[in-house]
Each structure stands twice: as structure tokens, then as C-alpha cells.
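Chains as they are written, first to last, in the working numbering: chain Y, 1 to 149; chain H, 1001 to 1579.
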Amino acid sequence: MPKTNNEKLMASEVAELTHILDRKHAASLGDRFFSIKVDSDASNAFVTVTLRNAHESFFYPVEGRIACKSQELSPKDGAMLLLDFIDVYFEEFFHDRQDTWLPIDWAGFNFEGFEFELKGQVLNKRTEELADLFLDGKINRDEILSALR
Amino acid sequence: MASRLSEESLVRVYDGGLQAFRWEAHLPALTLRAETVDLLDLLSLEKAKEAIQNLPPQVLFRSLMKQGVSDCLDILPLMSQEQFTAILDYDAWTDGELQHRKVFQWLQQFREAEREQIYTRFRDLEEEMQIALVGPFIRAVDPEDFEQLSDEEQDRLESFPGGALYYEVKSEDPEIRQFFADFLEVTMGENMEYAMSVLAHAGFMPPNEQEALMAQFRNARMEDDGFVSYEESLSIFHSISLNALEKKWRTHEKTALSCGSNDSFMQLVISLASQSWDKPTLDEVRSRHAYLANALCSAARVEPGDLESLDKALEQVWSLNGLALEWLASGNIEQAALILKEEHPKTLFQTACTLIEGLRHKGLKQLEIFIPETSLIRTHLELQKFGLAQKQMDILYGKIFGSELTESLKAVFSRFPMVKSHALEGKIVFRPVDSLNALDSLQDCLETALMKLQLVSMTHVEELIDLDAQIQRSMVSVQLGGHFINRFLTQTQVDIWRSMGEEAYTEANEKLYSGLDAMLTKDRRWALSENRKTDALMSSLSELAAGLTFIKDQGHFDALFNLIESIPNQEDNSYAQDE
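Written as C-alpha cells, this is what we have:
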């Protein structure tokens, strides 16, 4: 990835990392792709790597958070550590025939001597959206079936 | 801070050739690995232990992975120690390095199945393995040295009964600490002498020595399954002389059977083979292909425990061998089945590699005429450094050909070459080169790039950048009655072009196509072989023309002006109607 002296990940660096993630796992992705969101403040870094398809019928956000200051990491290094671990996780996920799951609530992990928390849950936002529309009376059963076809 | 998500890691992925592209294969089920069994069914047998221990280790491993180890815990105590050693060979090594945590995870699963198994399975591992597993994590201190330590240091150490030996777990990793806590608890209960011995021995051994020994033992065992060394794996991709094979097999007239069918050539051959061969022959051919796929893993940077990538390697082997069969048998299915039975898969694979390499070599030489920096890519490819070559293509070709054609070119020059199949959600999906048709597509891809370079070279452009834009501008020039020349349009010319009626535009396009056809026929530097039909190439020009029509009809002039503005020498804004 591009080298900069910034303490935070730049948007161009995030775009580059997303490209690399997409590439590394391209053969396993099918119609899915990755997106990355990075937030940080003076003490903590937050990262969300989402594997999803265009219709969001597969939507898998893997979220990570790390206390950087207390572990003597810069926010950028903290975010990179989370991204590295999430990359390792997705490697396992694809190698394991997509049967390796993370806890749905925050759980502690340790990687390269640093502690952080992760959570992840596969969602089908497409059906959730259709269910909401159905409950609001905006679509009927046939329209749901046709939308899912 | 070093990152896994680096350019270097991307080069590595490119280098393997199996993972960096979206691709799909359509192979008959018979060609794929079917080596899994229902382990829970085996458990219900009267002689379950015997049945499980008779399974080849790869079959047992694949079955455990498929069904989930935690769902098959009752199987674990029944497997033989040889099977367990083989499973660790597949699953607990990455890039030639022992993954201690993986071994500990397996041993913990044994403990969950039967408590004492964590001890017995560990004890029955090779001695070097035992030391390699314990050495890096245990510090052992004998009673004499213990007395010399400060109080603080003494407090950190655990003691064996009677103070016979002191030790500490050096890792802060909770999973590793938990493993040693569980392992020592059970082992001390089962065999105190052994527990002390293994800790003392491991604690005093020089680091890494035992692991290096274990790596040698493991490599030797893996070669029995076909997982050969990196150098040997690379050598499988080498071209061979095809003269003897041609003389032996290419005796038939070319048949059109394969071209007219929806099935791939290999599907037709396998379908015939499954009807006419006996099962042992079919199994033998399948297992030889699986063995070859294993042999490619080292070059493809696939670990033996990565089952998904192993399957992909096997798909590539069958696909490329399908190409070799179709070529050798000239499309004759019966002849192809005979060749499949008689020739070794490696010979077929190298035949396909040779056919493809011939085209790639020609293509690169031609590209080098137009783009001299291609020589660096050629050097990387000659050394089988596919990762570096593809990275260089990204840098060099991206700005010239645009992302889509560059991606296609990269796939052509991948370790496992592939051609475009279709687009999915805006991304290109590739397919293996499994037939002569696919080989033609590979040639089309190279020739499309060369043809664009050729056309642009005829417009006397100094800088090769964004060829599509330059060709489109030259096309507009012809549509306006001028030559195929890449100059900026004036507002008046844009207005004239925009107001062209349908009939005039169709007529102008016909003139454009016949002119381009004549130009490409006159100077054939783009062509990689004689007598090639140019339909595919003309269709790529049609795509560019269609893009122009869209711009014209929809009034998306921003797109056109953006193209124009991106070209240097903007002061020269004239347009010669008839130079």
C-alpha cells in the first residue's frame, strides 16, 4: 500500500486496500465484493470490512475495534492490525467453505500480541427490506416472490 | 508496521494464478475430487475403527473438513497415528513453517473427544515434532539454576511435584497458554516422568533445529501424495517439443463435433469414457489428474490443507488437458478418449502449456514492437515470475488499454491462463482455456490489443495513452469525411457530427468499417497467424463505434470532450478535413 507519514489511513489508502482485498479473494467472491470503512479518534480505531453483493441479499459486515493508545499503537497501525486480522479471517472463511463464523456480539481476540474486539453477522438486507415493505402493506406476497426471483 | 495487505501480498496472489481472478469452470462431476465419505455412517459400522483406519489420509481429512471436526469428534480417537500425522502435514504448515496453533487446536479436539487423547496423541508424534511444538513456548529451569533466580523470577515459574523441575509458558497468547495448561494437567496425571522429560528436553534444545528436521520429514511424506518441491512444480509448466506427440496422435481430419456442442470437449470425452471404460481405469485416470494437481500446488502457492484452492488447481488441470486432447485428437472424441487413457496427464498439461506459450510468446514480441517496455514483462514471464509481470502490466498497460482489456491481458498471461467469459456486476468473470475455441479467444484478446496499437500507430500519435479515446476520435474524423487521424475537433465539427442524419451516419459508418478493414488487411503487424477471421476484432471496433453513437444520440458530449481534453498538445486544435 502507498506509504505516507499520516497517523490515519487516507481515503486513497483505504481504496487501495479494498482493491487488494478484492484481488486476494477474487476467485472465491462470485458476485460479491468488499468495502472498507475506517474511523479513528485519538485513542481508538474502528474498522468495518463488509463483504456483500449488489442486491445486499448477502451482507456480511465484520466490525473491529481496538484501543490504540493504551497499546502504544498509532490509530493507523491499529486500523491496519484490524484489517490484517480480518484479512486472515476471510482467508479462513473462504478456505473453510464459508463456514467459519465470528461472534455476533463483541468478543476479544489477540493477534501479534495486541488485543482487540470483533463481531460479525451475515445479513440478508434484501429480504429484510422486503419484509419491512410487506409489513407496511406496500407490497404483497406475489411481489415479494417476484422480487426474490 | 508490516501489513499482510500490501502490494507484495498482491504480487504473491498474482503469482499463484488461482485466486486473483473471478473465474468459473464447468467440468463434469467425474473429473472432480469425490474423495469424501460420510464419517458418521462409518461410525455406525461394527468394525468402525478398521473402516476409518483404512481410509486414505486425504479422504479422511477432506471428509473431516467437509463435515466439520467438531461434529465428528467420535471419529478422532479411532483414527491411526499415521493418519493424524498426515493430517498435520496437510493442515498445520504454511509456507514450509509449522503452525503450532493449528497442531494445538487439533490436540484440543482430541481432548474434547477423549480426555487422555491429548497426551497419547502428543506422545505418539515423532520425537522431533514433540520438541518442535514445546520448545518455542516452554522455558525449563532445573532446581540448581532455580536457586540462582531472583524471587520475582522464581514466582513466575511453575513447579513439578517435589521441585524436580520448574517451567514457565513463554507465550502471552491465551490459546497457547490454555493448551499447555490442559496438556500438562492430563499428561502429569497419566505419566509424570514423560511430562518432565518432554519439558526438560524441549526447554534445553536449540530453537528451530527440530522444526527444520520436521520440515524435511514432512516434505518427503508430502511428495508421496504428489506435493513436490517448488522447483519441481515450476518445471511442470515448461513447454515441450510437440513433434513426437503430433506424429503419434494427430492423424485424424479435424471434426467439428466439439464446436457444435454446448458441452466442453472434456465433458464429451469423459462422458464417452464413463460409458466405455471399466471403473478401475476411470479411477486411475482421475487419480493421476489429482496427483498432477497436487504437484502444481507449490508453484500455485496452494497449501495442501486449502481444499478450495486444491479443487481449483484440479479444475485447471482438467481444463487445460481438455485443450490438449482436442488439439491432439483434432476434435475426435474417440481418439481423445484413447489419448486420455494412454498419455500421462502431465504430458497433456505440458502440451496445452506449449500451445498457449506459443501464442503468448508471439503476442509479447508483437506488443514489444509497439510498447518497448514490454520487454520487462517478457523477462518476468520467462522466469515464471507471473506476479511481477502482472503488476507491471497494471502499471504499463492500464493507462494504454484501459482496465477491461488490461484485465483480460493479465488473465492471458496468468500462470493458469484464462479468457473472458462474461461480466457480472461490472466485474469480468473468466474461464479456463479448456478448448480450441477458448484458445482462439485468447488469441483474439492479444490481437485486439495489437490491433488497437496498430490503428493508433497509423494516426502518428506520439504518446500511447488511452487508445480507445484516440481511436474514437479518429473514427469521428472519418465519419466527418476526413482521414483516420487523431486530432481535436472544433465546435463547428462537433455540431456537424451531431446533426448528421441517420442515413448519413450509417453511410459514414460503412465507410469507416471498410476503411479500417482495408488498413488492417494492408498492415498485419497485429495478426498472430495467417488466415484468421477478424470478426472478433471488428466487433471490438464496433463496440467503440457503438460508444460513439451513444455519445452522439444521447448528447453526452462531456464524455467526448473529456476524452479530447485528456490528449496532450491541446493548442493544436485544428482538424484537417483532407490531409
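Glycine included, each C-beta is placed from N, C-alpha and C at the ideal position.
- At a cut-off of 8 Å between beta-carbon atoms, SER40 of chain Y makes no contact with chain H.
- Positions of the beta strand (DSSP E) runs, each at least 3 residues long and wholly inside the stretch 1186–1259 of chain H, cannot be given because no such run exists.
- LEU1338 of chain H and ALA1313 of chain H have their C-alpha atoms some 24 Å from each other.
- For LEU1383 of chain H, the secondary structure class from DSSP, reduced to helix, strand or coil, is coil.
- Under the 8 Å criterion on CB atoms, LYS8 of chain Y is classed as non-interfacial with respect to chain H.
- For LEU118 of chain Y, the enclosing beta strand (DSSP E) starts and ends at 114–120.
- Close to TRP1023 of chain H, with beta-carbon spacing below 9 Å, are these residues of chain Y in chain order: ALA26, ALA27.
- Between the stretch 70–86 of chain Y and the stretch 127–137 of chain Y there are fewer than three C-beta pairs closer than 8 Å, too few to call the two in contact.
- When Cβ-Cβ separations below 8 Å define contact, GLY113 of chain Y makes contact with chain H.
- Secondary structure of ILE1496 of chain H (DSSP, three-state): helix.
- Leaving aside the five residues that flank LYS37 of chain Y on each side, the residues in its chain whose CB is nearer than 6 Å to its CB run, in chain order, THR48.
- Going by C-alpha positions, LEU51 of chain Y is about 46 Å away from SER1276 of chain H.
- Within the stretch 84–110 of chain Y, those residues whose Cβ lies closer than 8 Å to any Cβ of chain H are, in chain order, ASP84, ASP87, VAL88, PHE94, HIS95, ASP96, ARG97, ASP99, ASN110.
- Distances from the alpha-carbon of ALA1092 of chain H to those of H:MET1214, H:GLU1357, H:ALA1508 put H:MET1214 closest.
- Secondary structure remark: continuous alpha helix (DSSP H) runs of at least 4 residues inside the stretch 1023–1070 of chain H, in chain order: 1039–1043, 1048–1053, 1057–1067.
- Non-local beta-carbon contacts of GLU1175 of chain H in its own chain, meaning distances under 6 Å to residues more than five positions away in sequence, are absent.
- In the three-state scheme derived from DSSP, where H, G and I count as helix and E and B as strand, ASN110 of chain Y is classed as strand.
- If you look at SER1009 of chain H, you'll find it in the alpha helix (DSSP H) that goes 1007–1016.
- Under the 8 Å criterion on CB atoms, SER1276 of chain H is classed as non-interfacial with respect to chain Y.
- Going by C-alpha positions, SER1319 of chain H is about 16 Å away from ARG1022 of chain H.
- Note on GLY1016 of chain H: 16 or more other CB atoms within 10 angstroms of its CB, so buried under the neighbour-count rule.
- Between GLU1315 of chain H and PRO1432 of chain H, the C-beta spacing is below 8 Å.
- TYR1090 of chain H places its beta carbon less than 8 Å from that of PRO1304 of chain H.
- H:ASN1321 is the residue among H:ASN1321, H:LEU1307, H:LYS1511, H:CYS1297 whose C-alpha sits nearest the C-alpha of VAL1285 of chain H.
- Residue pairing by DSSP places GLU63 of chain Y opposite Y:THR48, Y:LYS119 in a beta bridge.
- In the DSSP assignment, the residues bridged to LEU1098 of chain H are H:TRP1093.
- Taken in chain order, the stretch 1465–1531 of chain H contains no complete beta strand (DSSP E) segment of 3 residues or longer.
- Inclusion of GLU1326 of chain H and LEU1436 of chain H in the CB contact set at 8 Å is warranted, their separation being smaller than that value.
- The count of Cβ pairs closer than 8 Å, one atom from the stretch 1076–1091 of chain H and one from the stretch 1111–1120 of chain H, reaches three, so the stretches are in contact.
- Runs of the beta strand (DSSP E) spanning 3 or more residues and lying entirely within the stretch 1367–1455 of chain H occur at 1418–1424, 1427–1432, in chain order.
- When DSSP states are grouped into helix, strand and coil, PHE1160 of chain H belongs to the coil group.
- Judged by beta-carbon spacing, TYR1119 of chain H lies within the 8 Å limit of VAL1186 of chain H, meaning their Cβ atoms are closer than that value.
- In the three-state reduction of the DSSP assignment, PHE1021 of chain H falls in the coil class, being assigned neither a helical nor a strand state.
- By the Cβ neighbour-count rule, SER1309 of chain H is buried, with 16 or more other Cβ atoms within 10 Å of its own.
- Between the stretch 28–44 of chain Y and the stretch 68–76 of chain Y there are three or more inter-stretch CB-CB distances shorter than 8 Å, so the stretches are counted as touching.
- By the C-beta criterion, the stretch 1293–1303 of chain H is judged not to be in contact with the stretch 1465–1474 of chain H, since fewer than 3 inter-stretch pairs fall below 8 Å.
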